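Take a look at the structure set out below.
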Amino acid sequence: MSGAATDSNIEPNGKVQVNEFLVEVRISPRPGLLDPEGKAIHNALHSLEFDEVEDVRVGKLLRMKLLADSEAGAREAAEQMCRKLLANPVTEDFDIAVAGRA
Amino acid sequence: MQVAIVTFPGSNCDYDCYKAITDILGEQAHFVWHRESHIDGADLVILPGGFSYGDYLRAGAIARFSPIMASVQDFAVQGGAVLGICNGFQILCEAGLLPGALIRNRSLKFLGQRVRVRVENATTRYTSAYSEGDVLALHIAHGEGGYVADAATLDRLESNGQVVFRYVDRHGQVTDEANPNGSMRNIAGIINEAGNVLGLMPHPERSVEAILGSTDGLGLFASIRDHFAGRPAARVLSAAGGR
Numbered sequence: 003m004s005g006a007a008t009d010s011n012i013e014p015n016g017k018v019q020v021n022e023f024l025v026e027v028r029i030s031p032r033p034g035l036l037d038p039e040g041k042a043i044h045n046a047l048h049s050l051e052f053d054e055v056e057d058v059r060v061g062k063l064l065r066m067k068l069l070a071d072s073e074a075g076a077r078e079a080a081e082q083m084c085r086k087l088l089a090n091p092v093t094e095d096f097d098i099a100v101a102g103r104a
Numbered sequence: 013m014q015v016a017i018v019t020f021p022g023s024n025c026d027y028d029c030y031k032a033i034t035d036i037l038g039e040q041a042h043f044v045w046h047r048e049s050h051i052d053g054a055d056l057v058i059l060p061g062g063f064s065y066g067d068y069l070r071a072g073a074i075a076r077f078s079p080i081m082a083s084v085q086d087f088a089v090q091g092g093a094v095l096g097i098c099n100g101f102q103i104l105c106e107a108g109l110l111p112g113a114l115i116r117n118r119s120l121k122f123l124g125q126r127v128r129v130r131v132e133n134a135t136t137r138y139t140s141a142y143s144e145g146d147v148l149a150l151h152i153a154h155g156e157g158g159y160v161a162d163a164a165t166l167d168r169l170e171s172n173g174q175v176v177f178r179y180v181d182r183h184g185q186v187t188d189e190a191n192p193n194g195s196m197r198n199i200a201g202i203i204n205e206a207g208n209v210l211g212l213m214p215h216p217e218r219s220v221e222a223i224l225g226s227t228d229g230l231g232l233f234a235s236i237r238d239h240f241a242g243r244p245a246a247r248v249l250s251a252a253g254g255r
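These protein sequences, in sequence, are chains A and B. 3 is the number of the first residue of the first sequence in the working numbering; add one for each residue after it. 13 is the number of the first residue of the second sequence in the working numbering; add one for each residue after it.
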């Protein structure tokens, strides 16, 4: 799943160096799709007189630690996880942030 | 008819289906644990209702990758009859065997109540015992039953007659008030283009005996039984219809 080895992560003995990366996956309801939870929170904020709130959408945040040989490799792996399992393309969008080495 | 009922961790309508098939219909059924890898000798596979894997991530998202699902997928692609009820419908959508998805009810509430659905297509192997326009009293029990799909998919479903059940009011009219969960176009159940995979949110297996308050779900099981028996379906919806 990890990206190709680059010069920077090959150790002098020829082994590919694998690091632990912190990856955050944000999943949110697609624009235009009804988000009843976001709407309820929006209404609750208004009833607390936070009138400046114009819209609320509720999604989920997944924090993962994963092993990869590079940041690009970590991102690529997370993207495949999103396409296969973590997000439903009919209802959800996702974006991935690699927060660096653990 | 031999029916395989797939049991996932968290399934809770598997025995209701078993009873409907065996006690009420007098047909054969067996359970298939989700860790098994083969559907053998089944005419019909039922993915029952429940909360497989606690509905974690999204309802049906994890069950869809259970070992048995590869076999169910093959069975469906080869034209085998697959019926998904409630959580089973969610699993079929997650698995891509049916288009669209099911999202949180617009009320945010779990709904356990009686609803009315209208039979929109009585030519399928699951609905031949009904007539088009029949209004059935069935029960729903779900938190994520809002059917969504993009406009092109919805139009295709409509024009192909793939919308099989729609939420309606007591007069059989499609209204927003009769829509319990915010489903687009009041859709309660759809069938795939090939006509062998049906998914619906209401529970027909809970409306098969007078003591349950309605027998309107029986027609679905009778239709598929008669499909395999090769005889025209007997009309089983009573005039009273539990309406």
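Ideal Cβ positions, reconstructed from N, Cα and C, are used throughout, including at glycine. Just so we're clear, the structure is a prediction, and the values are computed from it rather than from any experiment.
Cα-Cα separation between Met3/A and Asp71/A, rounded to whole angstroms:
On the first sequence, position 1 is the one that residue 3/A refers to. On the first sequence, position 69 is the one that residue 71/A refers to. In this prediction, Met3/A has a pLDDT of 43, which is less than 50 and means its spatial position is unreliable; nothing more can be read from the coordinates.
Compare the C-alpha of Asn204/B against each of Leu123/B, Ala71/B, Asp146/B, Val89/B and name the closest.
Indexing the second sequence from 1 puts residue 204/B at position 192. Considering only alpha carbons, the answer is Val89/B.
Assess, as a yes-or-no matter, whether the stretch 151 to 163 of chain B is touched by the stretch 117 to 125 of chain B under the definition of 3 or more beta carbon pairs within less than 8 Å.
Enough Cβ pairs lie closer than 8 Å, so yes.
Should Met3/A be flagged as near chain B, meaning a C-beta pair shorter than 9 Å?
Here the question's residue 3/A lines up with position 1 in the first sequence. Note on Met3/A: pLDDT 43, under 50, position unreliable in the model; the coordinate value appears next. The beta carbon of Met3/A does not come within 9 Å of any beta carbon belonging to chain B, so the residue lies off that interface.
Quick one: complete beta strand (DSSP E) runs, 3+ long, within the stretch 74 to 147 of chain B?
93 to 97, 113 to 115, 123 to 131, all fully within the stretch 74 to 147 of chain B.
Is the separation between the beta-carbon of Leu63/A and that of Ile29/A shorter than 9 Å?
Locating residue 63/A in the first sequence gives position 61, counting from the first residue. Locating residue 29/A in the first sequence gives position 27, counting from the first residue. Result yes, Cβ atoms of Leu63/A and Ile29/A sit closer than 9 Å.
When DSSP labels each residue in this structure, what does Ala46/A get in the three-state scheme?
Position 44 of the first sequence holds residue 46/A. For Ala46/A, the secondary structure class from DSSP, reduced to helix, strand or coil, is helix.
With 9 Å as the threshold, decide whether the Cβ of Asn90/A is near any Cβ in chain B.
Taking the first sequence and counting its residues from 1, one reaches residue 90/A at position 88. It does: the Cβ of Asn90/A has a partner Cβ on chain B nearer than 9 Å.
Which residues in chain B sit within 9 Å of Leu38/A, going by Cβ to Cβ distance?
By one-based count along the first sequence, residue 38/A stands at place 36. This sequence places Pro at residue 38/A; Leu is not what is there. Chain B residues near Pro38/A: Ile115, Arg116, Asn117, Arg118, Ser119, Leu120, Gly158, Gly194.
Would Ala42/A count as contacting chain B if we go by Cβ distances under 9 Å?
Sequence index remark: in the first sequence, residue 42/A carries index 40 (1-based). It does; some Cβ of chain B falls within 9 Å.
CB contact check: Leu35/A to chain B, cutoff 9 Å:
One-based indexing of the first sequence puts residue 35/A at position 33. Yes, because at least one Cβ of chain B sits closer than 9 Å to the Cβ of Leu35/A.
In angstroms with no decimal places, state the Cα-to-Cα distance between Gly34/A and Asp188/B.
Residue numbering aside, residue 34/A sits at position 32 when the first sequence is read from its first letter. Residue numbering aside, residue 188/B sits at position 176 when the second sequence is read from its first letter. The straight-line gap from Cα to Cα measures roughly 19 Å.
Have a look at the DSSP bridge pairing and note the partners of Gly173/B.
Taking the second sequence and counting its residues from 1, the one referred to as residue 173/B is at position 161. DSSP output for Gly173/B lists no bridge partner at all.
Residue-chain proximity (Leu68/A, chain B), Cβ-Cβ < 9 Å:
Walking along the first sequence from the start, residue 68/A turns up at place 66. Leu68/A has a beta carbon lying at 9 Å or more from every beta carbon in chain B.
Taking its Cβ as the centre, do 16 or more other Cβ atoms sit within 10 Å of Tyr68/B, making it buried, or is it exposed?
For the purposes of this step, residue 68/B is identified with residue 56 of the second sequence, where counting begins at 1. By the 16-neighbour rule on beta-carbons within 10 angstroms, Tyr68/B is exposed.
Which first and last residues belong to the beta strand (DSSP E) in which His42/B is found?
Counting from one through the second sequence, the residue named residue 42/B turns up at place 30. His42/B -> beta strand (DSSP E) spans 40 to 45.
Kindly give me the distance between the Cβ atoms of Val147/B and Arg128/B, rounded to whole angstroms, as I take these residues to be in contact under 8 Å.
Indexing the second sequence from 1 puts residue 147/B at position 135. Indexing the second sequence from 1 puts residue 128/B at position 116. With 8 Å as the limit, Val147/B and Arg128/B qualify as a contact, their Cβ atoms being about 5 Å apart.
So, is the C-beta of Arg197/B closer than 9 Å to a C-beta in chain A?
Within the second sequence, the letter at position 185 stands for residue 197/B. Cβ-Cβ to chain A under 9 Å: no for Arg197/B.
Quick one: give me the first and last residue of the alpha helix (DSSP H) that Asp97/A is part of.
As a first step, residue 97/A is located in the first sequence; it is residue number 95 there, counting from the start. Unbroken run through Asp97/A is the beta strand (DSSP E), 94 to 103; no alpha helix (DSSP H).
In whole angstroms, what is the alpha-carbon distance linking Arg65/A and Gly61/B?
Numbered from its first residue, the first sequence carries residue 65/A at position 63. Numbered from its first residue, the second sequence carries residue 61/B at position 49. Computed Cα separation, rounded: 30 Å.
Excluding the five sequence neighbours on either side, which residues of its own chain have a C-beta within less than 8 Å of the C-beta of Arg137/B, listed in chain order?
The residue given as residue 137/B occupies position 125 in the second sequence. Correct list, in chain order: Ala93, Gly207, Asn208, Ser235, Ile236, His239.
Leu87/A CB to nearest chain B CB: under 9 Å?
On the first sequence, residue 87/A is found 85 positions in, with the first residue counted as 1. Yes, contact with chain B.
Answer with buried or exposed for Phe77/B, where buried requires no fewer than 16 other C-beta atoms within 10 angstroms of its C-beta.
The count along the second sequence starts at 1 and reaches residue 77/B at position 65. With fewer than 16 Cβ atoms within 10 Å of its Cβ, Phe77/B is classed as exposed.
If you check the beta carbons only, do Tyr65/B and Phe122/B fall under 9 Å apart?
Along the second sequence, read from residue 1 onward, the residue named residue 65/B stands at position 53. Along the second sequence, read from residue 1 onward, the residue named residue 122/B stands at position 110. Going by C-beta atoms, Tyr65/B is not nearer than 9 Å to Phe122/B.
Please name the residue or residues paired with Val27/A in a DSSP beta bridge.
As a working mapping, residue 27/A is identified with position 25 in the first sequence. Paired residues: Leu64/A, Ile98/A.
Rounded to whole angstroms, what is the Cα-Cα separation between Arg47/B and Leu69/A?
As a working note, residue 47/B is residue 35 in the second sequence. As a working note, residue 69/A is residue 67 in the first sequence. Each residue's alpha carbon lies about 28 Å from the other.
Run through chain A and tell me which residues come within less than 9 Å of Arg168/B, C-beta to C-beta.
Locating residue 168/B in the second sequence gives position 156, where the first residue counts as 1. Listed along chain A is no residue with a C-beta nearer than 9 Å to that of Arg168/B; the closest approach is about 14 Å.
Of the choices Gly229/B, Phe233/B, Arg218/B, Leu224/B, whose alpha-carbon is the least far from that of Asn24/B?
On the second sequence, position 12 is the one that residue 24/B refers to. Nearest C-alpha to Asn24/B: Arg218/B.
Tell me which residues share the same chain as Gly102/A and place their Cβ nearer than 8 Å to its Cβ, disregarding the 5 neighbours each side in the sequence.
In the first sequence, residue 102/A corresponds to position 100, counting from 1. Correct list, in chain order: Phe23, Leu24, Glu73.
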